[in-house]
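So the structure is just underneath, and the comments pick up after that.
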Amino acid sequence: MHRSGFRINWKKRRLFLFPFRLGGSSFSPTVKKQELLELLAVVGLDLPPYIHRAVGAMDHEMEQKGCLCRIKNCAIELFSAMEEDLEVDDEDSWDLVGRDLRLKATFLYIDLSRVITFCEGEEHKKALTVLANKFFYSMDELSDAVESRSLPLTQVRYSDTADALREVVAVLAPSLLQVGPHDPEE
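In our numbering, the protein residues as written are 4 to 189.
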C-alpha cells in the first residue's frame, strides 16, 4: 500500500483505488485525473477507459458541489448582510457595498455558468439561464444605484435583486439541499 491510496498489481498490471488510513481516520482519497495520469506515467501503466470516465465524473461532481456551496453562501450573505449595509448612509459604506456587490457578482457569475454547463436536460438549462440573466441584469441595476448613492433607489433595486436571486435559488434548491449547511459548525 502506497501513501497516496493506490495499489498496483504488477503481475496483472492493474491499478486499484481504495480507502486508506492516515492518522487514525479513514477516508477515500480524492485524486485529480492529471495527478493520476502523472503517477501512472512514472510507473509505466496506462489508465483503463472506465477509470478515465469515473475520475472525470468525480472531478465534475466535486466542482459542481463547490459551485453550489459558493452560490448558497453568496445568496445568504446577500440576503442578510446587504440589508444591514443599506441602512448606513456614509461615504465609506457606499464604497464598501459597491466593492462587495462586484465581488459577489463575480463569484456568482462564474459559479452559475459552471452549474448551467453541468445541467442535464436542455429545458432545465434554458430556464436556469433565463433566471440567471434576469438576476445579473438586476445586479447591474443595483450596482448603478449604489454608484448614484441614492438610498431609496438602492433599496428598490436591492429588493428586485433579492427577488431574482430567490428565483434562481428556487430552481437550484434540490441541488443546494444536497450540499448541506453553509457553515461547518451548524
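Note that the Cβ used here is the ideal one computed from N, Cα and C, for glycine as well.
Count the other CB atoms, across all protein chains shown, that sit within 10 Å of the CB of residue i; report buried if there are 16 or more and exposed otherwise.
i	result
F138	buried
M142	buried
G26	Residue confidence for G26 is low, a pLDDT of 40 falling below 50, so the modelled location carries little weight; the figure read from the coordinates is stated next. G26 should be labelled exposed.
T109	exposed
Y161	buried
I74	buried
A173	exposed
L115	buried
K107	buried
T164	buried
V171	buried
A84	exposed
A176	exposed
Can you tell me whether DSSP reads residue i as helix, strand or coil?
i	result
R102	helix
T33	Low confidence applies to T33: its pLDDT is 48, below 50, so where it sits in the model is not reliable, and the reading given next is rough at best. The answer is coil: DSSP assigns T33 none of H, G, I, E or B.
C70	helix
E123	coil
D147	helix
D166	helix
D95	helix
M4	Unreliable placement is indicated for M4, whose pLDDT of 40 sits below 50; no coordinate value is reported for it.
Could you give the residue range of the alpha helix (DSSP H) that holds residue i?
i	result
S153	From DSSP, S153 is part of no alpha helix (DSSP H); its letter is neither H nor E.
Just checking: is the beta-carbon of residue i within a distance shorter than 8 Å of some beta-carbon in chain B?
i	result
T164	Of the chains in the structure shown, none is chain B; there is only one protein chain.
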